[in-house]
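This report refers to the structure that appears directly beneath it.
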Amino acid sequence: LIAVVMRAPTPKTRFNEAKLLLDYGFNTYIYKTLNNKNDFYQTVNISKGNKNDVNLIYEESSGVLLKKSNKDNISQNVIINQNKLVAPIYKGDVLGKIEYLINGNIECSVNLIADDDVSRKSATSTFSYIFSKWYNFLR
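The numbering used here runs 9 ahead of the 1-based position in the sequence shown.
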């Protein structure tokens, strides 16, 4: 927080006015961290991959400066792109996003990215999987 007081008649007056501005700012506003970069958000299912799921992490950190009276009025809207949940998926691919809303207005959004690679199932791995299921079933 920075306070600038111009045209104060004396240094003491300038100091007191700057102090009042800073006190107002610190007493009225708060910085709220919404998420941290690379933190886990959730796991999503992947189709046609050598793994069944992948973790979504935040692409970047975000936070907002807001009035203390609004600190509990934050909501989030999660958008997962279902069309992209098919292998192959590479680490860092954007699979969705989170929009943070304050009183219904979008303040910021953060991409949700894959934290690992998921390669596409090959024909041999699919055949091996089916064979092992049948073998275990017929035992």
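For every residue, glycine included, the Cβ atom is placed at its ideal position computed from N, Cα and C.
Here the structure is a predicted model, which is why all the values come from computation and not from measurement.
Just checking, does the region 31-50 make contact with the region 68-88 on the three C-beta pairs under 8 Å criterion? yes
With DSSP as the reference, identify every bridge partner of SER118, one or two as the case may be. GLU108
Would you please state the rounded distance, in angstroms, between the beta carbons of LEU31 and ALA12? I believe it to be under 8 Å. 5 Å
Using 10 angstroms around the beta-carbon of ILE88, count the other beta-carbons present and answer buried if the total reaches 16, otherwise exposed. exposed
With the cut-off set at 7 Å, would you say VAL103 and GLY58 are in Cβ contact? no
With H, G and I counted as helix, E and B as strand and the rest as coil, what does DSSP make of ALA27? helix
Report the partner residues of GLN85 according to the DSSP bridge assignment. TYR109
Could you tell me the distance, in whole angstroms, from the CA atom of ASN112 to the CA atom of ASN82? 6 Å
Quickly, what does DSSP pair ALA78 with across the bridge? List them, please. The sequence given here places Ser at residue 78; Ala does not occur at that position. Answer is none; SER78 lacks a bridge partner.
By the 10 Å Cβ neighbour count, where 16 or more other Cβ atoms means buried, how is VAL95 classified, buried or exposed? exposed
Residue nearest to GLY101 in terms of C-alpha spacing, selected from LEU121, ILE115, PHE136: LEU121
Could you name the residues of the same chain whose beta carbon sits closer than 7 Å to that of GLY72, not counting the 5 residues immediately before and after it, in chain order? TYR40, LYS41, THR42, LEU43
How is ASN61 classed by DSSP in three states: helix, strand or coil? coil
Selected residue, minimal CA-CA separation from VAL53, among LYS93, THR135, SER134: LYS93
Report the partner residues of GLN51 according to the DSSP bridge assignment. LEU65
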